[in-house]
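One structure below.
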Amino acid sequence: AQSVTQLGSHVSVSEGALVLLRCNYSSSVPPYLFWYVQYPNQGLQLLLKYTSAATLVKGINGFEAEFKKSETSFHLTKPSAHMSDAAEYFCAVSDFRNQGGKLIFGQGTELSVKP
Amino acid sequence: SQTIHQWPATLVQPVGSPLSLECTVEGTSNPNLYWYRQAAGRGLQLLFYSVGIGQISSEVPQNLSASRPQDRQFILSSKKLLLSDSGFYLCAWEPGTGYRNEQFFGPGTRLTVL
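Listed in order, the protein sequences are those of chains A and B.
First residue of the first sequence? That's 10 in our numbering, and the numbers climb one at a time after it.
First residue of the second sequence? That's -13 in our numbering, and the numbers climb one at a time after it.
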């Protein structure tokens, strides 16, 4: 069975500092991996996805993530945090062979950005 | 372009009352459709998904049900709401072919059961 673990339910950084949100997955087959962002009282927006092409994936708003098979990780990073990055971030995994592509989500990490 | 709508945006209902949440998708055909629930302080829980009209798969047994009467319409229902049904309900769609597993989410419905 697939699963996702996000380390740290809350992460706080200063504006301009590096953002690192951790995600580890468990999958018996090559996974598809996703990062979504959720602003308060809104739906989820896709930041980036890994679908077995390049291991370093660039997304929107300056975020990127690196797929590391040996570490079963897909950590999300951004070199310099902005106040507008404050939101909740979800990592998700899916078995690409599923006809109905069920996503398994992590519990989420709330990112706070201090001025 | 494709858009996804959910209504109502917010809902306050008494315990034991019925529920009907609606989700519609525009600009695409034969999408896979999903209902998720997000409880306070918790992640997203997949409730139902559908790969076609009348085809519903349930992930978690509970007092909720889903229906897909039309290709781009997905409805979440309950006959009698429980306090534990409170949460943020999200509908999502995925292309039936092509960009497999990339899901696009609606704006959500905030349900409070009192």
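C-beta: ideal position from N, C-alpha, C; glycine also.
Given the structure is predicted, the values throughout are model-derived calculations rather than measurements.
Any chain A beta carbon closer than 8 Å to residue i
i	result
B:L76	yes
B:P(-6)	no
B:R28	yes
B:F60	no
B:R23	no
B:E8	no
B:P93	yes
Which residues DSSP lists as bridging residue i, in chain order
i	result
B:F60	B:C9
B:N18	B:E80
B:I(-10)	B:V11
A:A74	A:V66, A:L85
B:R23	B:Q31, B:Y75
B:E45	Note: B:E45 sits in no beta bridge, so no partner.
B:G38	B:Q41
Within-8 Å CB hit, residue i to chain B
i	result
A:Q51	yes
A:Q116	yes
A:F99	yes
A:L29	no
A:K58	yes
Alpha-carbon to alpha-carbon, residue j and residue i
i	j	result
A:G117	B:D57	31 Å
A:F114	A:T14	8 Å
B:E80	B:S36	10 Å
A:S23	A:F99	21 Å
A:H84	B:E45	28 Å
B:I61	B:G38	13 Å
A:A26	A:T81	25 Å
B:C77	B:D71	16 Å
B:F34	A:T86	32 Å
A:P88	B:Q41	44 Å
A:K78	A:L16	17 Å
Near the ligand ZN: residue i beta-carbon under 7 Å from a heavy atom
i	result
A:T118	Because no ligand of any kind appears in the structure shown, any question about the ligand ZN cannot be addressed here.
Exercise. Of all the beta strand (DSSP E) runs that stay within the bounds of the stretch 33 to 65 of chain A, which reach a length of 3 or more residues?
Worked result: 40 to 47, 53 to 59
Problem set entry | Three or more C-beta pairs below 8 Å linking the stretch 40 to 54 of chain A and the stretch 4 to 12 of chain B | no
Problem set entry | the stretch 70 to 82 of chain A contacting the stretch 50 to 61 of chain A, beta-carbon criterion three pairs below 8 Å | yes
Exercise. If we count Cβ pairs, one from each stretch, closer than 8 Å, do we get three or more for the stretch 88 to 95 of chain B versus the stretch -9 to 0 of chain B?
Worked result: yes
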